[in-house]
Amino acid sequence: MDASISSGTSRTMIGELGKHVGETVSISGWVDVRRDQGKMVFFDFRDRTGKVQGVVLPGNPAIETAKEIRNEYVVRVEGLINRRPEKNVNPEVVNGDIELEVKAIEVLAEAEPLPFDMSMSGFNLDLTTQLDHRALVLRHPRLQAIFKVQNVIIDAFREYLKSQDFFEFQAPAIAPAVAEGGAEVFQVNYFDKKAYLSQSPQLYKQIVMSAFERVFSVNKIFRAEPSATTRHLTEVVSLDAELAFIDSWTDVRDVSEATVRYILKQVGECCAEELKLLETTLPTMLEKTPTLSLTEAQEKIFTKTSRDVRGEKDLNPEDERALCEIIKEETGSDFVYVYGYPTRKKPFYVYPNPANPEFNEGMDLLCRGVEWLSGGRRINNYAQLMDHVKEWGMDPEKISMFLEAFRYGVPPEGGFAFGAERMTMQILALKNIREACMFPRDMNRIDTLLHGDDSAQN
Ligand code: AMO
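For any residue, its number in the numbering used here is found by taking its place in the sequence shown, counting from 1, and adding 5.
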């Protein structure tokens, strides 16, 4: 350790170094790369704002420390900011025109030799290895870019809905009943009773909407997905919204479309560097997103691919891919809304189309071959809701709090939900949803792999 750095020297962020040419500064960060050239040692130092090249010149006493340092050592470095000679300028990177002439190095934390290549060009890990080593690979710019984009997506969701006078609420994670139907729930022992991890804040967002008119939440939801696919997680960040005083399900579609448009604008404006690094471009959203009924979508798929899926209750993943390709080819849009699903195949709260009650006014938004969002109009009439509760074979006692809102007057209403990871995955054209989740949960993994014993859970 070189103790010649006075502890009082204030830290300059690496991204700001360009403003300090000719000055002596102190930076703190990690050793991204070290290149030992005998008499001189070169470094790339890294902090959360960027990287800078450093050089320890011959004869500098810091050379001894420099030679012991490996990649990922945490250091405090004092040095002089010099302009690089013209021939060494790299205009492509931050600080490509300057260099830090190292005067003293203090080691704040040592690092063992890395188990794999973390360099920009050499980083080539399969997803399983990446997930096993999240603690280390989160330092890589590619992963950081994914999660910076995700931050912007979630912030933009909040910002847009707040700008439209939506009220944010916190939904509970422990639920007394199943909101969405189906078997995909985690049951928990709640003292001596049965409870569930929330599959969706659906019933709560409708309750809160009945008091606040326009509401949204950013919450964890849990789905006991029994298969490991590239688009399903068991723990999801759900971006939910619900609004009162609508005239039609198309009002809900329009609000969801405006929300996506704002999110895309924010990602485009705030994440240009990240999109470049991830070698992707934003999906194209037209002035008006193409909207088809499920029946029309199935007809289109049949006409274009000869695969007859007419009369099926939903689109399967192959249908979703085919429909997105057809719509892209026909209109240039990467997005398509599909509405009008068989009433009996969807949750009890979805509003049946009055002109054709066999089909409902529920909708999905697909993008680049995958569903991003579900939503639609809900039943707000108490008697109609009670009829559905009975028809769906549900116990009204278990959702009595929900039903109470409707007994005392709820306006025509609807809402929608996006999965933040699906959205991130599709905006960035990632191949697997696990890439879009820092610590993904699936049936085989909760950080460590599940091997049939309970050691991973201790
Ligand atoms: P749905 O069940 O379609 O609708 O979920 C809404 C959105 O959440 C995301 N999502 C998932 N993402 C990853 N892994 C999963 N296992 C998973 N499950 C869901 C998807 C999906 O489009 N209550 C309704 C919403 C509403 O009507 O407001 C609901 O939960 O992006």
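Ideal Cβ positions, reconstructed from N, Cα and C, are used throughout, including at glycine.
Status (buried if at least 16 other CB within 10 Å, exposed otherwise) for residue i
i: A8; result: Note that A8 scores a pLDDT of 44, beneath 50, so its modelled location is shaky and nothing firm can be said.
i: Q389; result: exposed
i: R383; result: buried
i: A277; result: exposed
i: T294; result: buried
i: D245; result: buried
i: F171; result: buried
i: D447; result: buried
i: P445; result: buried
i: Y346; result: buried
i: P357; result: buried
i: Q462; result: Interpretation of Q462 is limited by its pLDDT of 42, a score under 50 that renders its predicted location unreliable; no figure is taken from the coordinates.
i: Q477; result: With the chain covering 6 to 463 only, the question about residue 477 has no answer from this structure.
i: T348; result: buried
i: L113; result: exposed
i: G43; result: exposed
i: E366; result: buried
i: V98; result: exposed
i: N449; result: exposed
i: R16; result: exposed
i: A233; result: exposed
i: K351; result: buried
i: Y209; result: buried
i: G34; result: buried
i: D313; result: exposed
i: A360; result: exposed
i: S31; result: buried
i: F196; result: exposed
i: L454; result: exposed
i: V94; result: exposed
i: V260; result: buried
i: G59; result: buried
i: F421; result: buried
i: M443; result: exposed
i: S205; result: buried
i: S460; result: Residue placement at S460 is flagged as unreliable, the pLDDT there being 46, under the threshold of 50; the coordinate-derived value follows with that caveat. Burial call: exposed.
i: S509; result: With the chain covering only 6 through 463, there is no way to say anything about residue 509.
CB-CB length for residue i against residue j, believed under 8 Å
i: V36; j: V107; result: In fact, because the Cβ distance is near 11 Å, the residues do not count as touching under 8 Å.
i: V375; j: S215; result: In fact, because the Cβ distance is near 32 Å, the residues do not count as touching under 8 Å.
i: G381; j: G419; result: 6 Å
i: F407; j: I179; result: No, F407 and I179 are not in contact; Cβ-Cβ is about 16 Å, not under 8 Å.
i: R105; j: V38; result: According to the sequence provided, residue 105 is Leu. The question's Arg does not apply to it. That pair is no contact at about 14 Å.
i: A140; j: E77; result: About 12 Å separates the two Cβ atoms, so there is no contact after all.
i: R147; j: F128; result: 7 Å
i: E426; j: I151; result: At roughly 10 Å, the Cβ-Cβ gap does not stay under 8 Å, so E426 and I151 are not in contact.
i: L433; j: V82; result: No, L433 and V82 are not in contact; Cβ-Cβ is about 34 Å, not under 8 Å.
i: S203; j: A176; result: 7 Å
i: I110; j: V80; result: 5 Å
i: W397; j: Q431; result: Incorrect: roughly 31 Å between the Cβ atoms, too far for contact.
i: L238; j: I19; result: At roughly 34 Å, the Cβ-Cβ gap does not stay under 8 Å, so L238 and I19 are not in contact.
i: Y354; j: T296; result: Contact flag wrong, Cβ pair sits at about 22 Å.
i: V183; j: Y201; result: 6 Å
For residue i: DSSP bridge partner residues
i: Q58; result: D49
i: C372; result: F340, V375
i: S31; result: R16, E83
i: N224; result: S243
i: I451; result: R446, T453
i: Q42; result: M45
i: V36; result: F50
i: L435; result: Note: L435 sits in no beta bridge, so no partner.
i: N365; result: P357
i: E418; result: A249, R383
i: P347; result: F364
i: G424; result: S243
The ligand SAH heavy atom lying under 7 Å from the CB of residue i
i: G374; result: Absence of the ligand SAH from the depicted structure is noted, with the ligand AMO being the only ligands included.
Chain D contact for residue i (CB, 8 Å cutoff)
i: E330; result: Checking the listed chains, one finds no chain D in this structure; it contains a single protein chain.
Item checked: Entirely enclosed alpha helix (DSSP H) segments - the segment 253-306, minimum 4 residues -> 254-275, 277-282
Next item on the list: Mind listing, in chain order, the continuous beta strand (DSSP E) runs of no fewer than 3 residues lying wholly within the segment 169-222?
Entry: 192-195, 198-202
Next item on the list: Could you tell me whether the segment 253-267 touches the segment 303-312, using the rule of 3 or more Cβ pairs below 8 Å?
Entry: no
Check: So, do the segment 335-355 and the segment 271-289 have three or more beta carbon pairs nearer to each other than 8 Å?
Finding: yes
Notebook entry, point to check: For the 8 Å Cβ check, are there 3 or more pairs between the segment 11-31 and the segment 78-91?
Noted result: yes
Note to self: I want to know whether the segment 237-251 touches the segment 216-226 - three or more CB-CB distances under 8 Å.
What the structure shows: yes
Check: Where are the beta strand (DSSP E) runs, 3 residues long or more, that stay fully inside the segment 66-119, in chain order?
Finding: 79-88, 103-114
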